[in-house]
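K.L.:
Under this note's numbering, think of the first position of the sequence shown as 2, with each following residue one higher.
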Amino acid sequence: MASAAAILCALLLIAFVRAVVQRKTDPIYRIPTVGGSSAPLLSYRTAFNFLLHAKHLIQEGYSKYPIFKVAMFNQWIVVVSGAELNEELRRIPDEDMSFFEAAEELVQAKYTIAPERHESHLTAIRNQLTRNISLVLPDMIDEITTTLKELVPAKGDGKSPWNKWVAVPALESVRSIVMRTTNRIFVGLPLCRDPEYIEIVTTYLDGVMKGCAILFLLPGFLKPFVGPILPWVKRSIRRLYPVLAPTVKERIRQLEEHKKTSEDLTMWTLEEMADFKQRDPIEILTQCTLSSNAVALHTTSLTMAHALYDLAAHPEYIKPLREEIESAIKQEGWTKAAMGKMWKVDSFLKESSRVHGVTVFSLMRKAVRDLTLSNGTSIPAGCFVTATTTSTHMDGELYDRPEAFEPFRFSDKRAQENEKTKNHFVTTSSGFLLFGHGKHACPGRFFAASQLKLILIITVLSYDIKFADGKRPENELMATTIFPSRSAKMMFRLRQDAPVAL
Numbered sequence: 002m003a004s005a006a007a008i009l010c011a012l013l014l015i016a017f018v019r020a021v022v023q024r025k026t027d028p029i030y031r032i033p034t035v036g037g038s039s040a041p042l043l044s045y046r047t048a049f050n051f052l053l054h055a056k057h058l059i060q061e062g063y064s065k066y067p068i069f070k071v072a073m074f075n076q077w078i079v080v081v082s083g084a085e086l087n088e089e090l091r092r093i094p095d096e097d098m099s100f101f102e103a104a105e106e107l108v109q110a111k112y113t114i115a116p117e118r119h120e121s122h123l124t125a126i127r128n129q130l131t132r133n134i135s136l137v138l139p140d141m142i143d144e145i146t147t148t149l150k151e152l153v154p155a156k157g158d159g160k161s162p163w164n165k166w167v168a169v170p171a172l173e174s175v176r177s178i179v180m181r182t183t184n185r186i187f188v189g190l191p192l193c194r195d196p197e198y199i200e201i202v203t204t205y206l207d208g209v210m211k212g213c214a215i216l217f218l219l220p221g222f223l224k225p226f227v228g229p230i231l232p233w234v235k236r237s238i239r240r241l242y243p244v245l246a247p248t249v250k251e252r253i254r255q256l257e258e259h260k261k262t263s264e265d266l267t268m269w270t271l272e273e274m275a276d277f278k279q280r281d282p283i284e285i286l287t288q289c290t291l292s293s294n295a296v297a298l299h300t301t302s303l304t305m306a307h308a309l310y311d312l313a314a315h316p317e318y319i320k321p322l323r324e325e326i327e328s329a330i331k332q333e334g335w336t337k338a339a340m341g342k343m344w345k346v347d348s349f350l351k352e353s354s355r356v357h358g359v360t361v362f363s364l365m366r367k368a369v370r371d372l373t374l375s376n377g378t379s380i381p382a383g384c385f386v387t388a389t390t391t392s393t394h395m396d397g398e399l400y401d402r403p404e405a406f407e408p409f410r411f412s413d414k415r416a417q418e419n420e421k422t423k424n425h426f427v428t429t430s431s432g433f434l435l436f437g438h439g440k441h442a443c444p445g446r447f448f449a450a451s452q453l454k455l456i457l458i459i460t461v462l463s464y465d466i467k468f469a470d471g472k473r474p475e476n477e478l479m480a481t482t483i484f485p486s487r488s489a490k491m492m493f494r495l496r497q498d499a500p501v502a503l
């Protein structure tokens, strides 16, 4: 017994000495810490503090330091402050700072999202999905309109069939609209409306969140052991395979017979696959469909919900939005060209995203080798470095009155500066990081932006909306994610004087 106690004490002493030596030699400990102590063991308390107060602590560090670090349970995250360092981080070559290694290690995508990453699928998103937005606009319009009618039934008092307000669960309804519309373009009709398909994807998304949360709390050396036993991805692939199979087989038949009638991401991915006859295309498309939903639905749903919450809290902006939308559609019809003329719609979405955001981090990278930033800060190999979305978007050097919600901030700038792209919603910059920035910016952002605009356009044209008490519910922070209130209800009333037919 005594010898066992002696061995334990010796091991603890060795660990303590190692930690002390590491603190003296590792450059990570020369970077200021926000949220608590960086001392051994105490750093876990710092990590717990960050888990509860991430947005506040990031803002504190941003205000005090050009570069600082925050604690996670298994590593430090170094955060750069300001547009200049954001741009420097964006420019560092992949061989020095890796986007993919950071993404893989942080979320353990092969365990929480899909076992493989298929380049043909990414190419289809980056090229064909973006190129064919005009082609799929009618499908998106149809799906948004249909889903809204199902979620918001018209109610009247006998005098009129539509003059009563209807309360709907806000975030849940937005998720349904985004889910249906996204999958209309991913897998097409009738599958996008199939209850079993929707249930499988919804359950999978819940599993992604659970898996990421579990691995987030584990030390790095345990992740490769725990990750493979997480059940949700494997179960979802197994369940979706037979449901998706008829759709994939039909797309393959169209390709082989040169009678292509379907235009969706499933078809485009098959077109990009050089080896779909050698490998099981159903297995590949099952993984691709699930991973696409994991990436697309979360961010798009939260962004859309934030925007609709802002509109419901500020109904005075409905009129100028309607006027712009009606004018553009009258001139161009329901086309991409009409959407291009809707500067206020574009600005409203961008400003809502700037003020609220969906996560505190952006431009996450992992140092592949030791390097030194322009201000002299040493970054050791293996360290994670990121910019901050929320604090960048609230930087007074980048935005006038950054705390104010000014929905036409960016459309006014476009008019004043007579520019065509700099202030667009989809345009990334070192000062606007919703979609990332640079070569690794979200490849699906053009599709996502079109979808968000259409949901806002159709909602504004078809309904009056408000909150019952006129106030926007407070956002909810879960670790590094910013949710609009998950319990809020929005009031909808079918518009009586809509001049534009859907």
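Backbone N, C-alpha and C fix where the C-beta goes; we use that ideal spot for every residue, glycine too.
#1: In terms of alpha-carbon separation, which member of 46, 129, 454 lies closest to residue 354?
#2: So, helix, strand or coil for residue 196, using DSSP?
#3: Shortest alpha-carbon distance to residue 430 belongs to which of 62, 30, 90?
#4: Taking only runs that begin and end inside the region 244-299, name each unbroken alpha helix (DSSP H) of 4 or more residues, in chain order.
#5: With burial defined as no fewer than 16 other Cβ atoms inside 10 Å of the residue's Cβ, what is the status of residue 332: buried or exposed?
#6: Would you kindly work out how many angstroms separate the C-alpha atoms of residue 300 and residue 141, rounded to a whole number?
#7: On a Cα-Cα basis, can you pick out the residue from 173, 351, 380, 225 that is closest to residue 79?
#8: I'd like the span of the alpha helix (DSSP H) that includes residue 325, first residue to last.
#9: Would you call the region 233-252 and the region 183-197 touching, i.e. three or more CB-CB distances under 8 Å?
#10: Taking the continuous beta strand (DSSP E) assigned at residue 378, which residues delimit it?
#11: Quick one: what's residue 465 bridged to in DSSP?
#12: Look at residue 112 and residue 223 and say whether their C-beta atoms are less than 9 Å apart.
#13: What would DSSP say about residue 370, mapped onto helix, strand or coil?
#14: Check whether the Cβ atoms of residue 97 and residue 370 sit closer than 9 Å, and answer yes or no.
#15: Quick check on the DSSP output: what are the complete alpha helix (DSSP H) runs of length 4 or more inside the region 170-249, in order along the chain?
#16: Between the alpha carbons of residue 459 and residue 408, how many angstroms are there, rounded?
#17: Below 8 Å, can you find three or more Cβ-Cβ pairs linking the region 29-49 to the region 375-391?
#18: Using only the alpha-carbon positions, how far apart do residue 436 and residue 443 sit?
#19: How far does the alpha helix (DSSP H) with residue 346 in it reach, from first residue to last?
#20: Less than 9 Å separating the beta-carbons of residue 292 and residue 122?
#21: If you draw a straight line from the alpha carbon of residue 174 to that of residue 448, how long is it in whole angstroms?
#22: Near residue 272, which residues of its chain fall below 8 Å by C-beta distance, leaving aside the five closest residues on each side in sequence?
#23: Residue 481: which of 53, 47, 44, 40 sits nearest, CA to CA?
#24: Quickly, what does DSSP pair residue 478 with across the bridge? List them, please.
#25: Using a Cβ-Cβ cut-off of 6 Å (strictly less than) and excluding sequence neighbours within five positions of residue 349, which residues of its own chain qualify?
#26: Please report how far the alpha carbon of residue 49 lies from the alpha carbon of residue 56, in whole angstroms.
#27: Measuring straight from C-alpha to C-alpha, what distance separates residue 196 and residue 180?
#28: Under 8 Å: do the region 62-81 and the region 384-396 share three or more Cβ pairs, one atom per stretch?
#29: Measure the C-alpha to C-alpha separation of residue 1 and residue 40 and round it to an integer number of angstroms.
#30: Starting from the Cα of residue 107, find the closest Cα among 186, 74, 85 and give me that residue.
#31: Quick one: using the 10 Å Cβ neighbour count with 16 as the cut-off for buried, is residue 360 buried or exposed?
#32: On the three-state DSSP scale, how would you describe residue 40?
#33: Would you mind stating whether residue 410 and residue 423 have Cβ atoms separated by less than 9 Å?
#34: Between which two residues does the beta strand (DSSP E) containing residue 387 stretch?
#35: Which whole-angstrom value describes the C-beta separation of residue 206 and residue 104, a residue pair presumed to lie in contact below a C-beta threshold of 8 Å?
#36: Put residue 426 into one of helix, strand or coil per three-state DSSP.
P.N.:
Once the coordinates are examined:
#1: One-based indexing of the sequence shown puts residue 354 at position 353. Nearest of 46, 129, 454 to residue 354, Cα basis: 454.
#2: To locate residue 196, count along the sequence shown from 1; it is residue 195. It is helical.
#3: Translated into positions along the sequence shown, residue 430 becomes position 429. For the residues 62, 30, 90, the minimum Cα distance to residue 430 belongs to 90.
#4: 266-273
#5: Taking the sequence shown and counting its residues from 1, the one referred to as residue 332 is at position 331. Answer is exposed; the Cβ neighbour count stays below 16.
#6: Locating residue 300 in the sequence shown gives position 299, counting from the first residue. Locating residue 141 in the sequence shown gives position 140, counting from the first residue. Each residue's Cα considered, the two are about 18 Å apart.
#7: Here residue 79 refers to the residue found at position 78 when the sequence shown is read from its first residue. If we check each option's Cα against that of residue 79, 380 comes out closest.
#8: Here residue 325 refers to the residue found at position 324 when the sequence shown is read from its first residue. Where residue 325 is concerned, the enclosing alpha helix (DSSP H) stretches over 319-333.
#9: yes
#10: Locating residue 378 in the sequence shown gives position 377, counting from the first residue. From DSSP, residue 378 is part of no beta strand (DSSP E); its letter is neither H nor E.
#11: Mapped onto the sequence shown, residue 465 falls at position 464. Paired residue(s): 494.
#12: Position 111 of the sequence shown, counted from the first residue, corresponds to residue 112. Position 222 of the sequence shown, counted from the first residue, corresponds to residue 223. No. Outside cutoff.
#13: Counted from its first residue, the sequence shown places residue 370 at position 369. Of the three classes helix, strand and coil, the one that applies to residue 370 here is coil, per DSSP.
#14: Locating residue 97 in the sequence shown gives position 96, counting from the first residue. Locating residue 370 in the sequence shown gives position 369, counting from the first residue. Yes. Within cutoff.
#15: 171-187, 196-218, 224-227
#16: Working through the sequence shown from its first residue, we reach residue 459 at position 458. Working through the sequence shown from its first residue, we reach residue 408 at position 407. Roughly 18 Å between the two C-alpha positions.
#17: yes
#18: One-based indexing of the sequence shown puts residue 436 at position 435. One-based indexing of the sequence shown puts residue 443 at position 442. Taking the straight line joining both Cα atoms gives about 5 Å.
#19: Here the question's residue 346 lines up with position 345 in the sequence shown. Unbroken alpha helix (DSSP H) run through residue 346: 344-356.
#20: Working through the sequence shown from its first residue, we reach residue 292 at position 291. Working through the sequence shown from its first residue, we reach residue 122 at position 121. Yes, the pair counts as a contact, with Cβ atoms nearer than the cut-off.
#21: The sequence position of residue 174 within the sequence shown is 173, counting from 1. The sequence position of residue 448 within the sequence shown is 447, counting from 1. Straight-line Cα distance between these residues: approximately 20 Å.
#22: Residue numbering aside, residue 272 sits at position 271 when the sequence shown is read from its first letter. Closer than 8 Å at the Cβ level, and outside the excluded window around residue 272, lie 125, 129, 256.
#23: Residue numbering aside, residue 481 sits at position 480 when the sequence shown is read from its first letter. That would be 53, whose Cα lies nearest to the Cα of residue 481.
#24: Taking the first residue of the sequence shown as 1, we reach residue 478 at position 477. For residue 478, which the question treats as bridged, DSSP gives the partners 483.
#25: Start at 1 with the first residue of the sequence shown, and residue 349 comes out as number 348. 408, listed in sequence order.
#26: If you number the sequence shown from 1, residue 49 lands on position 48. If you number the sequence shown from 1, residue 56 lands on position 55. Rounded to whole angstroms, residue 49 to residue 56 spans 13 Å at the Cα level.
#27: Along the sequence shown, one-based indexing puts residue 196 at 195. Along the sequence shown, one-based indexing puts residue 180 at 179. If I take the Cα positions, the gap works out to 12 Å.
#28: yes
#29: In the structure displayed, the chain extends from 2 to 503; residue 1 sits before or after that span and is not available.
#30: The sequence position of residue 107 within the sequence shown is 106, counting from 1. Answer by Cα proximity: 74.
#31: Translated into the one-based positions of the sequence shown, residue 360 becomes position 359. It is buried - the Cβ of residue 360 has at least 16 other Cβ atoms within 10 Å.
#32: Here residue 40 is taken as the residue at index 39 of the sequence shown, counted from 1. Correct three-state label for residue 40: coil.
#33: On the sequence shown, position 409 is the one that residue 410 refers to. On the sequence shown, position 422 is the one that residue 423 refers to. No.
#34: One-based indexing of the sequence shown puts residue 387 at position 386. Element bounds for residue 387: 385-389.
#35: By 1-based counting over the sequence shown, the position of residue 206 is 205. By 1-based counting over the sequence shown, the position of residue 104 is 103. Actually they do not touch by this definition, with Cβ atoms about 18 Å apart.
#36: Stepping through the sequence shown from its first residue, residue 426 is reached at position 425. Correct three-state label for residue 426: coil.
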